[in-house]
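Student:
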Amino acid sequence: MDQTNFRHSIRARATEFVLPPIDDGLVLGRTSPIGHVAVGKALSLLTMTPFEHLEVDDEVIADILVRSAILRKISPDHLREFVLRNIRPIMGSDEIVQLNLEVEVYLEGKG
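Straight run, no breaks: the sequence shown in the numbering used here ends on number 609.
1. With DSSP as the reference, please indicate the residues paired to L597 in a beta bridge.
2. Since I559 contacts G527 with CB under 8 Å, what's their CB separation in whole angstroms?
3. How long is the line joining the alpha carbons of F580 and S507, rounded to whole angstroms?
4. Let me confirm a value: G523 is counted as buried when at least 16 other C-beta atoms fall within 10 Å, else exposed. Which label applies?
5. Quick test of your reading: P548 and S573, contact by CB under 8 Å. State the CB separation rounded to the nearest angstrom.
6. Do D521 and N598 count as a contact pair if the criterion is CB distance below 9 Å?
7. Which same chain residues, not among the five before or five after E600, have their C-beta less than 8 Å away from its C-beta?
8. Taking the C-alpha atoms as reference points, what is the distance between P519 and Q596?
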């Protein structure tokens, strides 16, 4: 096919690829196109930041991958409850949702 009569135009937007590719965590739907094992392997190759896997017993959400540092501030059960109460209503079982979490810890003591 002679392409001399065709005009071509390419438009691209290039941005920096930031590591890690996720901030604080991912919520993986039950039928998402990639599972927690594959995502975990990819993260271990792309970043030195440790992530923890939390299983979720739910028909929409299957797994949560979260930075280990987050779980030093909040328990896995509290995070599961938060995700089920606040994230689950806005996602489908085929989706993967990125989490940007702000966890504040208030400490009080004597001494």
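We treat Cβ as the ideally placed atom computed from N, Cα and C, and that holds for glycine.
Tutor: Per the coordinate set shown:
1. In the DSSP assignment, L597 is bridged to G523.
2. So it is a contact: roughly 6 Å between Cβ atoms.
3. 47 Å
4. buried
5. 17 Å between Cβ atoms; not a contact.
6. yes
7. The beta carbon of E600 lies closer than 8 Å to none in the same chain, with the five residues before and after it left out.
8. Going from the Cα of P519 to the Cα of Q596 covers about 10 Å.
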